[in-house]
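Counting from 1 along the sequence shown, just add 686 to a position and that's the residue number in my numbering.
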Amino acid sequence: MSNKRVLTGDRPTGKLHIGHYFGSLKSRVELQNEFETYILIADVQALTDNFNNPEKVRKNVREVLIDYLSCGIDPEKSTIYIQSMIPETAELTVFYSNLVTIARLERNPTVKTELAQKKEVFGDSVTYGFLGYPVSQAADITIMDGTIVPAGEDQEPLIEQCREIVRKFNSIYGDVLREPEILLSERKRIKGLDGNEKMGKSLGNAIYISDSPEEITKKVMSAVTDPNRIKKDDLGNPDVCMVAYYHNLFSTPEECKAVCEECKQGQRGCVACKKQLANNIIEFLRPMREKREYYESHPEIVDKILKEGTKKAREEAKKNIARIKKAMKLNYFEGEQYDRF
Ligand code: TRP
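Set out below in structure tokens:
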């Protein structure tokens, strides 16, 4: 095994959808066979814009874990843990906060975009915690000595900021930290059922990994199709149809070709096309739904996975904070047993 280590995670603010699946979960399932993998459920980061809704964050920690397990993330291979239970991360965030300027954080494109979307939370005065979350994310990565961060494009500015912090740290305190790299998911963002560029829970256009067959059918039936095609005989344009777009993700190449040809020639109605798609999505998600049922009926197994993963991650964090504090000359009683009381 290489000495590279994968570190990634998600904010527990809702159930994961198929955009998450194609964007990140699928590749994590493959990466865990190749690299040592740590996956954090970022409850502290979720609180930065949900500080007034702790129940939501708490509830979604287990939801996200069950989504991971249903998709094939294997707790024997990946260490899954709760961010807030690693106090060393908070410690490191404080150390890093000296190495980042406020202007730099305000310029971070991800922070800027998110702030524009969160006007109802922050108005025009952002909290210290939210502005600083890229610093805390840099601590998440480096406290576990993560070197590969599989993530979507939206995370790129955060990883770049982490790299800058690492370089600054090393230039002052010595060569202690490894600079992580982002591993961009090969498949770009998945569009919503309504044709929106992004699938998102707040947009109401998502199919969740946990959706029942009935929910899937209902959602697919309401997907946006070619607006110029009113009757079945009208010649359709699959390029502007969300159902055709989703067929490309869930149906065989032969099916996709047949669907598009028949649509263009006005031979296949949208309803038949949607039913076929819904069935394919239902079949695709079936094994995940079955795993979910297993974990939902065994909450003690879910808790055991979380506890063991967090314990292992904590051990790793303790090791790394000791190296980091030593480099910063904060190791007052080294060699004695008082390094950590
Ligand atoms: N920012 C990530 C998201 O919103 C979650 C996250 C927190 C994360 N810490 C991380 C991702 C460290 C990768 C590495 O989904």
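No residue lacks a Cβ here, since even glycine has one placed at the ideal position from N, Cα and C.
All values reported here derive from a predicted model rather than from experimental measurement.
Relative to the ligand TRP, Gln803 has its C-beta separated by 7 angstroms or more from all heavy atoms. The straight-line gap separating the alpha-carbon atoms of Asp735 and Leu751 is approximately 21 angstroms. Taken in chain order, the complete beta strand (DSSP E) segments of 3 or more residues contained in the stretch 955-1011 number zero; there are none. Beta-carbon to beta-carbon, Gly705 and Arg915 are separated by about 26 angstroms, too far to satisfy the 8 angstroms threshold. Counted as a single uninterrupted DSSP element, the alpha helix (DSSP H) harbouring Ile902 occupies residues Pro899 to Met907. With distances taken between CA atoms, Ile1010 lies nearest to Glu777 out of Ser983, Phe708, Asn689 and Glu777. By the Cβ neighbour-count rule, Asp897 is buried, with 16 or more other Cβ atoms within 10 Å of its own. DSSP places Ala776 within a helical segment (H, G or I) once states are collapsed to three. For Met907, same chain residues with a beta-carbon under 6 angstroms away, outside a window of 5 residues either side, are Lys960 in chain order. In the displayed model, Thr799 falls within a helix according to three-state DSSP. For Asp826, the distance from the CB to the nearest heavy atom of the ligand TRP is below 7 angstroms. The residue among Asn738, Ile967, Arg748 and Asn794 with its C-alpha nearest the C-alpha of Pro899 is Ile967.
Taking C-alpha positions only, Gly695 is separated from Ser756 by approximately 16 angstroms. Remark: the C-beta of Gln823 is in contact range of the ligand TRP, defined as less than 7 angstroms to any heavy atom.
Residue pairing from DSSP leaves Pro939 without any beta-bridge partner. Checking the DSSP bridge columns, you'll see Arg691 partnered with Glu722. DSSP places Glu867 in the uninterrupted beta strand (DSSP E) bounded by Glu867 to Leu870.
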